[in-house]
Each structure stands twice: as C-alpha cells, then as structure tokens.
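Protein chains: 2
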Amino acid sequence: MSAEGQHDVTSGAGLSRRRVVLEAIRLADNEGVDGLSMRRLAGALGAGAMSLYHYVKSKDELLDAMIDLVFEEIDLPPEDVDWQAAMRRRSESARQVLARHRWAIGLMDARTSPGPAHLHHREAVTACLRRAGFPVLMATHANWLLDSYVYGFALQEASLPFDSADQLADIVEDVYLPQLPPDQFPYLNESAAALVAAGYDPADEFGFGLELILAALDPLRTRPDEAAAGR
Amino acid sequence: MSAEGQHDVTSGAGLSRRRVVLEAIRLADNEGVDGLSMRRLAGALGAGAMSLYHYVKSKDELLDAMIDLVFEEIDLPPEDVDWQAAMRRRSESARQVLARHRWAIGLMDARTSPGPAHLHHREAVTACLRRAGFPVLMATHANWLLDSYVYGFALQEASLPFDSADQLADIVEDVYLPQLPPDQFPYLNESAAALVAAGYDPADEFGFGLELILAALDPLRTRPDEAAAGR
DNA sequence: TCGTACACTGTACGTCGTACGCTGTACTAT
DNA sequence: ATAGTACAGCGTACGACGTACAGTGTACGA
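Taken in order, these protein sequences are the chains called Y and G. For reference, each letter of the first sequence is one residue, going 89 to 319 in the numbering used here. For reference, each letter of the second sequence is one residue, going 89 to 319 in the numbering used here.
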C-alpha cells in the first residue's frame, strides 16, 4: 500500500537488480563512494533500506555488481581494424569510463573475482591479441602490460585535484609550489614551471605511454595480423 | 592510571603519532583496511579511542599518514648507477612494498595530496630522469608512464586471489575454468591452459613490462646519462 | 600551594550494515 | 469462494562505526 505509489513516481516499474545497481552508480558518481549507503540508496529509489536485499545479497555484492556494470561501459576492441587501433580504442574507452566513475578504480583492488562483463572484455582483448599474431604467453604479457598502464593511469588521474588544463596552472601556483621549497625540490620546481609554461594538459598524457607501449609490443608478434590483413 | 601499565607492555614510551600510524599499518596489513577502526586501533595500542585524536585530526588524516609511511618504505632510485638500473630498483621496490600493503593502492585514488615522502620520492625520480638526459617534458612523460605501470600492476596483483605459482594451478582449475565455458571463452581457456602448463608465476610478470618500457624510453633521451658516465 | 598545560578518556549522538520477522498482494489448486 | 504459497517490500533492533564534547588525573613552573 505504500510501495505502489512510489514505483509510479520513480520510474513505472518496481525495483529491479539493474535499477538498484544503476542508481548506486549514479549516487557514487555524484556523492563519492563514501556517500553511498544502503539507506541513502533506498531513499533515492523511493524504497525502504531492507528492500534492496532482495536484489543484492550484501553491500559487498552491490559493489561487485557496480564494478561489473562499469566494465560493461568500456568499448570492446573492434574486430575489423588492426590490433593497435583496436587496443587504442578500448584503452581510451577504459580511461574515459574510469574517469567518469572515479570511485571504481579504488574498489577494484579489494574485490577479487572478475564478474561477467570483465570476463567478456578480457576474452575479447585476448582474442584480439592472439589474432594479431601474439603467441599465447606473449598475449598474456601484453594483456598485463596494457591493463597495468590503463589502470595505473586512471588511478593517478583520479587522485589529481583538478580536471582540466585551466585549473592546472592555478593549482600548481596555489597549492603545489608553496609546498616545494626550490632548494629542496629543484627538479619538481623545474617541472612545474615547464608544465605551466607549455599549457600542459594531463588529458593528453595518456596517449604518450599508450603509443609507446603499442609500438614496443608490435615486433613481438610472430604472425601477421588477421584483422589488418583480411576482411 | 590505566594507560601507564599498557605503555610499558607495548613499548616503553607513551603514544606518539608515529606509533599510532605504524600500528594502524600493521592492523591494516593483518586484518584488511575494513578491519581498521579507531576503536580497534586504540585497543591495540592499549589506549582509549579518543586518545588517537591527539595525534591525528581525523581518520582520513590517519589514512593519509599511513600512505605516506608506505611511500617511505620504497627505495629511492640510487644515484650511482645508470638510469635504467635506478628505475628498475625503485620500481621493483615499489611493487614489493605495495604488495606487502595490499590496502594502500586502493586508498590512493581518494586522497589527493601527496605527502612529504611521496614528494621526496617524486623529486628523486625526476632528478634521476633529468640527469639521465631526458628533456623536462619528456621526463614528465616517463614519470607518468612508469608510475602508471607500477601502480596498475600493483592494483592487478592485489586483486589476484592467490600469492604464488603453486596456488595458480589450483585456483585456475577450481574457480576460474568452471566459470568459463570453452565455447564462449575459447581464448581465455587457451590462456589458462598455457599458463598452468608453463608453470606461470605472476611474480615474474612485472619484469616484462618494466623492461619493455625502459628500453622504449631510452632513445628518447637527448644527452648521455651523467650517472652512467661519470662518478 | 596554586595554576596551568598536557595526555588521555568516558559518554553520547548520529549513521552505518544487516538479521529477523512481519505485512500485503498475486496467483494457483482445490 | 477458499486456502495455500510465493513474492516484494518494510519496520524494528543490534552492534559497530567516526567523532564532538566535556571531563579527568598528572607534571611542572611560580
């Protein structure tokens, strides 16, 4: 008698696991992961706190589900381009998605089992590398290397206190430099000055490492790339 | 009247910021970061919960301090070897330290300001790269790339459910493969089989990407390495 | 002897995750 | 029509959390 009215208001249907997880992601995006509580989440869905437990076994399981939904947002490597283009696409996509959901990267170290979207993504990447001519173990190496770079970059990006190049100059001058006496940190001062002078934008940084890694991996293939050659 | 007895037992002196943070790290190492509460930490130190707030402004500040102490454990790049050896040393050290404190990497994305040990480390790395002959902006690129790799690797390593190569085979067979129907995940099955057959140890994986990155960065220097050449 | 500073603590408040048991509704079998 | 069963959701309660606030006793200089 109390529930029906709420359902109509919030979105027609009743609760569902998907709706719960989606709203949890929105909440975490807006308020940070610390602002996500079962009660607040339930409130945002127009429901009681305990109702959520019909769709999610525990908060931990909810977090797992959130992460897997984030993985779903990441583009898979396209199959009709050469391997470097495919990896570029999925890596850039991953970076963007992880930047959109800053909380996700910090949650990943605790949860140990991959989830279906994660597995699906991994399969697609491995397939791409194998078809590109990387031997089995080399494909594993490449996978580790690329993922490490993407996750590590996202981690560093998430801990930056600014979003754009505009803010960089301000932050460097107001926060960074005052902490850095030039006699004790000569090189960081030099760096900071150069970055500001060059109008440095950390958003451009990702490409450098990615291209370097792709180029260095390329000669480790032992066969021509099927996707690049054929269809 | 209650505190003194405990102090003698635990380590002679009274509380101190350093002792608080050290014990917090030990607790987080043993029980996971979720098991670290102000009450439990105080208990482990033989003190009341609120006593901690004389040394730490809030739990958040405690976490910041813990992370910075972790950074202190990481070897600085030695100054008397060539830049690749120096980076190898500090990167390996960072990997080990972050593996020893699994909780640290997951905390890093939330806390945005570097801390003194972090800054000191960054200065030393930048110095090493600059002296090796990397131009200012290129040194920044190299810094981002290397750190991304190290952090991302640590992140992936932390989310592995096993520690050694021995356990890998078991886990793959018991947990991984049952989730992976061969028709849906042919490449992951191929990989898993190859890894088990090769006696793959993820501890060896780190070197591959690191060496690849170091080798690819080397030609981007514009001057000879001072450390390698001189003294 | 007094005052004052310091190191530390007990209590209390609001919030958290969630165990437990209860509601009303929908549907199926009789 | 009636009873039975399953489902979806909720209210309450418990223990643990971070921490504000108002103390406590001790050490020490005047």
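The beta carbon of each residue, even a glycine, is placed where N, CA and C say it ideally should be.
- For the segment 271-284 of chain Y, the beta-carbon criterion of a distance under 7 Å to any beta-carbon of chain G is satisfied by 273, 275, 276, 278, 279, 282 and 283.
- Below 8 Å, enough C-beta pairs join the segment 170-187 of chain G and the segment 232-243 of chain G to call them touching: three or more.
- Contact annotation: the segment 209-222 of chain Y touches the segment 262-282 of chain G, with at least three C-beta pairs closer than 8 Å.
- Three or more Cβ pairs closer than 8 Å define a contact, and the segment 225-240 of chain Y meets that threshold against the segment 286-300 of chain G.
- For residue 197 (chain G), the number of other beta carbons within 10 angstroms of its own is at least 16, and it is reported as buried.
- Note that the segment 224-231 of chain Y does not touch the segment 139-156 of chain G; fewer than 3 beta-carbon pairs, one per stretch, sit closer than 8 Å.
- For residue 260 (chain G), no Cβ of chain Y is located within less than 7 Å of the residue's own Cβ.
- Along the segment 286-300 of chain Y, the positions whose C-beta sits under 7 Å from a C-beta of chain G are 286, 293, 296, 297 and 300, read in chain order.
- Neighbours of residue 239 (chain G) across chain Y, judged by C-beta separation under 9 Å: 236, 239, 240, 241, 243 and 244.
- The count of Cβ pairs closer than 8 Å, one atom from the segment 129-138 of chain Y and one from the segment 105-116 of chain Y, reaches three, so the stretches are in contact.
- A residue is called buried once 16 or more other Cβ atoms fall within 10 Å of its Cβ, and residue 247 (chain G) is buried on that count.
- The residue from G:193, G:178, G:175 and G:171 with its alpha-carbon nearest to that of residue 315 (chain G) is G:171.
- Between the alpha carbons of residue 306 (chain Y) and residue 249 (chain Y) lies a gap of roughly 35 Å.
- With respect to the C-alpha of residue 312 (chain G), the residue from G:228, G:282, G:216 and G:300 having the closest C-alpha is G:216.
- Within the segment 241-290 of chain Y, the complete alpha helix (DSSP H) segments at least 4 residues long are 253-259 and 274-285, listed from N- to C-terminus.
- Excluding the 5 residues flanking it on each side, residue 272 (chain Y) has no same chain C-beta neighbour closer than 7 Å.
- If you check the CB distance, residue 218 (chain Y) and residue 275 (chain G) come in under 7 Å.
- Put simply, the CB of residue 218 (chain Y) is near chain G, with a gap under 7 Å to one of its CB atoms.
- Counting only runs of 4+ residues, the alpha helix (DSSP H) found wholly inside the segment 179-251 of chain Y occupies 190-196, 204-219 and 224-246, in chain order.
- Taking the C-beta atoms as reference points, residue 152 (chain G) is found no nearer than 7 Å to residue 107 (chain G).
- One thing to note: residue 300 (chain G) has its Cβ no nearer than 7 Å to the Cβ of residue 303 (chain Y).
- Distance from the CA of residue 165 (chain G) to the CA of residue 158 (chain G), rounded to the nearest whole angstrom, comes to 16 Å.
- Closer than 7 Å to the CB of residue 104 (chain Y) there is not a single CB belonging to chain G.
- With a threshold of 7 Å between beta carbons, residue 215 (chain G) makes contact with chain Y.
- With contacts defined by Cβ atoms closer than 7 Å, residue 181 (chain G) and residue 156 (chain G) do not form a contacting pair.
- For residue 231 (chain Y), the number of other beta carbons within 10 angstroms of its own is at least 16, and it is reported as buried.
- Counting only runs of 4 or more residues that sit fully inside the segment 289-316 of chain G, the alpha helix (DSSP H) segments are 290-305, in chain order.
- Assignment of residue 147 (chain Y) by DSSP, reduced to helix, strand and coil, places it in the helix class.
- Contacts with chain Y at 7 Å (Cβ-Cβ) include residue 193 (chain G).
- Rounded to the nearest whole angstrom, the CA to CA distance from residue 254 (chain Y) to residue 205 (chain G) is 28 Å.
- Under the three-state reduction of DSSP output, residue 139 (chain Y) falls in the helix class.
- When C-alpha distances from residue 104 (chain Y) are compared across Y:122, Y:139 and Y:119, the shortest belongs to Y:139.
- For residue 193 (chain Y), same chain residues with a beta-carbon under 6 Å away, outside a window of 5 residues either side, are 186, 242, 243 and 246 in chain order.
- Straight-line measurement puts the Cα of residue 207 (chain Y) at about 16 Å from the Cα of residue 281 (chain G).
- A distance below 8 Å between beta-carbons, with the five flanking residues on each side excluded, links residue 136 (chain Y) to the following residues of its chain, in chain order: 130.
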